[in-house]
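Student: Numbering (mature numbering (1 follows the signal peptide of the UniProt record, and there is no 0)), first residue to last: -21 to -1, 1 to 116.
The C-beta atom is built at its ideal place from N, Cα and C for all residues, glycine as well.
Supplied in structure tokens, the structure appears directly below.
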């Protein structure tokens, strides 16, 4: 079955320095009936080491493919205009066919092996959201 996806991701910084992300998705999933709602794994926080972050991003992108994950964005901002955190901001957004696939990835041996690199890369909060993502941080 061909997957048709319309994805809208809007990032903006308000005058208060808050970042808001809106993601909506329409279309049919080619996955089994157990995967009915798309899920997004969001990693956000402050940077500790740019070198470790680049290594983590590369290894992470390879690992999520095994769980049908697709990295949507993993870039750092070109400039941080306001932050209460000491390091630069980090945002990684990954789409999975459903929450169970995202959680299976998170519990996987491959992800466990990335834990040390993730800790070296930054102080990251990791959360899963089902379809219709709206995050303020």
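For residue 96 versus residue 22, is the C-beta spacing smaller than 8 angstroms?
Tutor: Result no, Cβ atoms of residue 96 and residue 22 do not sit closer than 8 angstroms.
Student: Quick one: what's got a C-beta closer than 8 angstroms to residue 118's C-beta in the same chain, skipping five residues either side?
Tutor: Examination of residue 118 is not possible in this model, given that the chain is present from -21 through 116 alone.
Student: Measuring straight from C-alpha to C-alpha, what distance separates residue 91 and residue 51?
Tutor: So the alpha carbons of these two residues sit roughly 21 angstroms apart.
Student: Under three-state DSSP, which class holds residue 48?
Tutor: Correct three-state label for residue 48: coil.
Student: Between residue 18 and residue 73, what straight-line distance do the alpha-carbon atoms span, to the nearest angstrom?
Tutor: Looking at the two C-alpha atoms, the distance is approximately 8 angstroms.
Student: Could you tell me which of 37, 28 and 14 sits nearest to residue 68, measuring between CA atoms?
Tutor: When each option's Cα is compared against that of residue 68, the closest is 28.
Student: How many whole angstroms separate the CB atoms of residue 32 and residue 26, which I take to be in contact at a CB cut-off of 8 angstroms?
Tutor: Contact flag correct, Cβ pair sits at about 6 angstroms.
Student: Please return the same chain residues whose Cβ sits closer than 7 angstroms to the Cβ of residue 93, not counting the five positions on each side in sequence.
Tutor: These residues qualify, in order along the chain: 35, 38, 39 and 42.
Student: Quick check on DSSP: helix, strand or coil for residue 18?
Tutor: Looking at residue 18 - three-state DSSP - the assignment turns out to be strand.
Student: Can residue 101 and residue 24 be called in contact, C-beta distance under 8 angstroms?
Tutor: Yes, these two residues count as a Cβ contact at 8 angstroms.
Student: What is the DSSP secondary structure of residue 27, counted as helix, strand or coil?
Tutor: If DSSP states are grouped into helix, strand and coil, residue 27 belongs with coil.
Student: Counting C-beta neighbours from all protein chains within 10 Å, is the total for residue 78 16 or more, i.e. buried, or is it exposed?
Tutor: Its Cβ being crowded by 16 or more others within 10 Å, residue 78 is buried.
Student: Please go through the same chain and pick out, in chain order, the residues whose beta-carbon is closer than 6 angstroms to the beta-carbon of residue 108, but skip the five residues on each side of it.
Tutor: Only 19 meet the Cβ criterion.
Student: If you run the structure through DSSP and keep just helix, strand and coil, what is residue 96?
Tutor: Helix.
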